[in-house]
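> Chains as they are written, first to last, in this note's numbering: chain Z, 27 to 137; chain G, 5 to 244.
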Amino acid sequence: MSGIHLVNESMSVPVSWYLMLSVALFAIGTAGALTRRNGISIFLSIEVMLNAANLALVAYSRQLDQRTGQILVFFVLAVAAAEAAVGLALFIAVYRQRRTIDINRINLMRH
Amino acid sequence: MEMAVFAVFALLALGSSLVVVAHKSPIYSTLSLVLTLFSVAVLFVLLGAPFIATLQLLIYAGAILVLFLFVIMLLNVGREEGIPGGHRAQLVTAILGALAFAAALWLLLIPTLGTGSHAPLTEELVSLSGLAQELFAEYLLPFEIVGLLLLVAVIGATVVARRPTPDELAGGGGGSGFPGEPGSVNALDDAGAADSTAASWAADADRAGGGARPASFPGGTGAGAGPGVAARTAAPGARP
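#1: In chain order, which continuous runs of the alpha helix (DSSP H) of length 4 or greater are located wholly inside the stretch 50-75 of chain G?
#2: Can you tell me where the alpha helix (DSSP H) with residue 95/G in it begins and where it stops?
#3: Does any residue of chain G have a CB that is nearer than 8 Å to the CB of residue 114/Z?
#4: Can you give me the C-alpha to C-alpha distance between residue 52/G and residue 115/G, rounded to a whole angstrom?
#5: Taking 8 Å as the threshold, find out whether the stretch 82-95 of chain Z comes into contact with the stretch 36-47 of chain Z through three or more Cβ pairs.
#6: Answer yes if the stretch 68-79 of chain Z comes into contact with the stretch 104-115 of chain G, meaning at least three C-beta pairs across the two stretches below 8 Å, and no otherwise.
#7: Kindly list the residues whose CB is nearer than 6 Å to the CB of residue 21/G, restricted to its own chain and excluding five residues on each side of it in sequence; keep chain order.
#8: Quick check for students: name the residue ranges of the alpha helix (DSSP H) that lie wholly in the stretch 35-72 of chain Z, counting only runs of 4 or more.
#9: Out of 106/Z, 105/Z, 129/Z and 93/Z, which has the shortest C-alpha to C-alpha gap to residue 139/G?
#10: Excluding sequence positions up to five away, which residues of its chain have a Cβ less than 8 Å from the Cβ of residue 130/G?
#11: Rounded to a whole number of angstroms, what is the C-alpha to C-alpha distance between residue 167/G and residue 116/Z?
#12: I'd like to know if residue 131/Z contacts chain G, where contact means its C-beta is closer than 8 Å to some C-beta of that chain.
#13: Residue 93/Z touches chain G at which residues, Cβ-Cβ below 8 Å?
#14: Suppose the cutoff is 6 Å on Cβ atoms and the five residues either side in sequence are ignored; what does the same chain contact list for residue 81/G look like?
#15: Does any CB atom of chain Z fall closer than 8 Å to the CB of residue 157/G?
#16: If we cut at 8 Å on Cβ distances, does residue 103/Z have a partner in chain G?
#17: Which first and last residues belong to the alpha helix (DSSP H) in which residue 131/G is found?
#18: How long is the line joining the alpha carbons of residue 75/Z and residue 162/G, rounded to whole angstroms?
#19: Take residue 173/G as the anchor and find which of 122/Z, 82/Z, 49/Z and 83/Z has the nearest alpha-carbon.
#20: Taking residue 72/Z as the query, report the chain G residues whose CB atoms sit under 7 Å from its CB, ordered along the chain.
#21: Residue 53/Z and residue 106/G - do their beta-carbons sit closer together than 8 Å?
#22: May I ask whether a heavy atom of the ligand SAM can be found less than 7 Å away from the beta carbon of residue 104/G?
#23: I'd like the list of long-range same chain contacts for residue 84/Z, defined as Cβ closer than 7 Å, with 5 residues on each side in sequence excluded.
#24: Residue 81/Z and residue 103/Z - do their beta-carbons sit closer together than 8 Å?
#25: Within the same chain, show all residues whose beta-carbon is closer than 8 Å to that of residue 143/G, passing over the 5 residues directly before and after it, in chain order.
#26: Exposed or buried, residue 190/G, counting other C-beta atoms within 10 Å across all chains shown (16 or more means buried)?
#27: By DSSP, does residue 171/G sit in helix, in strand, or in coil?
#28: Who does residue 128/Z pair with in a DSSP beta bridge?
#29: For residue 107/Z, go through chain G and note every residue whose CB falls closer than 8 Å to its CB, in chain order.
#30: Give a yes or no on whether 8 Å exceeds the smallest Cβ distance from residue 88/Z to chain G.
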């Protein structure tokens, strides 16, 4: 066990607690993404949701003693980076046209 | 010890994520998201994934959120106005929906774990070399595809966020009459094209009302620009 301090088993946290935290974070992110009107704040809420999913993946990886969950988190990080880049570029383009990123005023498709 | 660390950082993650979704200013939301990501990274370490925790700090907090901050400051996004009365129902519905969704997730996820305590952390799960071997052997194709995805995303973001060229502005602006399209300026060996270009520049200069003639007239270098220049010099006299 060179250099890796294993956690004392008697004091360990049940993995289900991590899952509960993940569910709570996901719900918070969902509520934020549904209620916010600033486009960037919606994006930030989605990042919270992605992070909650990552936490659940790592928790399952711990529970099942398999690395697949961690590798999936790796891919989620990459996709989140791509999503942030494209999304923010879209907001910049929309802001050039409409001078706002309030999603209540970006309603061209509604009419 | 683990319990104490978990309690502290779980509460920190919950509180800071509440600030992320509730604060009116996007700057504070972003900075609070940094705190959330840091807390979750600590929980990753507790779960035996130190490499993922490092990635989280480097990529999320270090790169993505800096991008967010840049865009927020670039666009000068102000605070949201308070939610008007018509949207309070939306707020309540969203919170109720999120709670119902959380309950459904809870009912789905928690029984998959059972109530028994989990196995102790093994060195094999934590080791970075094992993760790398699995990533680059078993998951090599998804890894390459993600690389391609990032490349496409970078190209797409560059194209979408690029400042539109004057050409496109003239095309989409509905006849604003932007002078001197680049294509016709370059086709100076065609005398007629050069002439029309020079004429349109001259007309634009007159429309702008500036009496000063530009020193380097785009169409004036070729012989074909002669009539255009003549028209340009004659025009101010014709105007009252």
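Glycine is no exception: its CB is placed at the ideal position from the N, C-alpha and C atoms.
Every value quoted in this text rests on a predicted model; they were computed, and no experiment measured them.
Inspection of the coordinates gives the following:
#1: 54-59
#2: Within the second sequence, numbered from 1, the residue matching residue 95/G stands at position 91. Start and end: 92-113.
#3: Here residue 114/Z is taken as the residue at index 88 of the first sequence, counted from 1. Judged by the 8 Å Cβ criterion, residue 114/Z is in contact with chain G.
#4: On the second sequence, position 48 is the one that residue 52/G refers to. On the second sequence, position 111 is the one that residue 115/G refers to. Their backbone Cα atoms lie some 22 Å apart in a straight line.
#5: yes
#6: no
#7: Position 17 of the second sequence, counting from 1, holds the residue named residue 21/G. Around residue 21/G: 40.
#8: 41-61
#9: For the purposes of this step, residue 139/G is taken as the residue at position 135 of the second sequence. With distances taken between Cα atoms, residue 139/G lies closest to 93/Z.
#10: Position 126 of the second sequence, counted from the first residue, corresponds to residue 130/G. Hits under 8 Å: 52, 53 and 54.
#11: Walking along the second sequence from the start, residue 167/G turns up at place 163. Walking along the first sequence from the start, residue 116/Z turns up at place 90. Each residue's alpha carbon lies about 12 Å from the other.
#12: Working through the first sequence from its first residue, we reach residue 131/Z at position 105. No, no contact with chain G.
#13: Walking along the first sequence from the start, residue 93/Z turns up at place 67. What residue 93/Z touches in chain G: 129, 134, 135 and 138.
#14: In the second sequence, counting from the first residue as 1, residue 81/G sits at position 77. Excluding sequence neighbours, residue 81/G sits near 30.
#15: For this step, residue 157/G is matched to residue 153 along the second sequence. Chain Z, which has a Cβ nearer than 8 Å to the Cβ of residue 157/G, makes this yes.
#16: Counted from its first residue, the first sequence places residue 103/Z at position 77. Taking Cβ atoms only, chain G reaches closer than 8 Å to residue 103/Z, which makes this a yes.
#17: As a first step, residue 131/G is located in the second sequence; it is residue number 127 there, counting from the start. Here residue 131/G belongs to no alpha helix (DSSP H), and DSSP marks it neither H nor E.
#18: The sequence position of residue 75/Z within the first sequence is 49, counting from 1. The sequence position of residue 162/G within the second sequence is 158, counting from 1. Answer to the nearest angstrom: the Cα atoms are 26 Å apart.
#19: To locate residue 173/G, count along the second sequence from 1; it is residue 169. The option with the nearest alpha carbon to residue 173/G is 122/Z.
#20: Stepping through the first sequence from its first residue, residue 72/Z is reached at position 46. Chain G residues near residue 72/Z: none, gap ~11 Å exceeds 7 Å.
#21: For the purposes of this step, residue 106/G is taken as the residue at position 102 of the second sequence. For the purposes of this step, residue 53/Z is taken as the residue at position 27 of the first sequence. Cβ distance < 8 Å, so residue 106/G and residue 53/Z count as in contact.
#22: The model on display carries no ligand, and the ligand SAM is accordingly not part of it.
#23: In the first sequence, the residue the question calls residue 84/Z occupies position 58. Closer than 7 Å at Cβ, skipping near neighbours: 95, 96 and 99.
#24: Position 77 of the first sequence, counted from the start, is the residue given in the question as residue 103/Z. Position 55 of the first sequence, counted from the start, is the residue given in the question as residue 81/Z. No; because the gap between Cβ atoms is not below 8 Å, this pair is not in contact.
#25: Indexing the second sequence from 1 puts residue 143/G at position 139. Contacts found: none.
#26: For this step, residue 190/G is matched to residue 186 along the second sequence. Residue placement at residue 190/G is poorly supported in this model, since its pLDDT is 39, which falls under 50; the coordinates still yield a value, given next. Exposed, by the Cβ-count rule.
#27: Translated into positions along the second sequence, residue 171/G becomes position 167. Residue state, collapsed to three classes: helix.
#28: For the purposes of this step, residue 128/Z is taken as the residue at position 102 of the first sequence. Residue 128/Z is bridged to 64/Z.
#29: Counting from 1 along the first sequence, the entry for residue 107/Z is found at position 81. Near residue 107/Z (Cβ distances below 8 Å), the residues of chain G are 63, 67, 68, 154 and 157.
#30: The sequence position of residue 88/Z within the first sequence is 62, counting from 1. Answer yes: the Cβ-Cβ gap between residue 88/Z and chain G drops below 8 Å somewhere.
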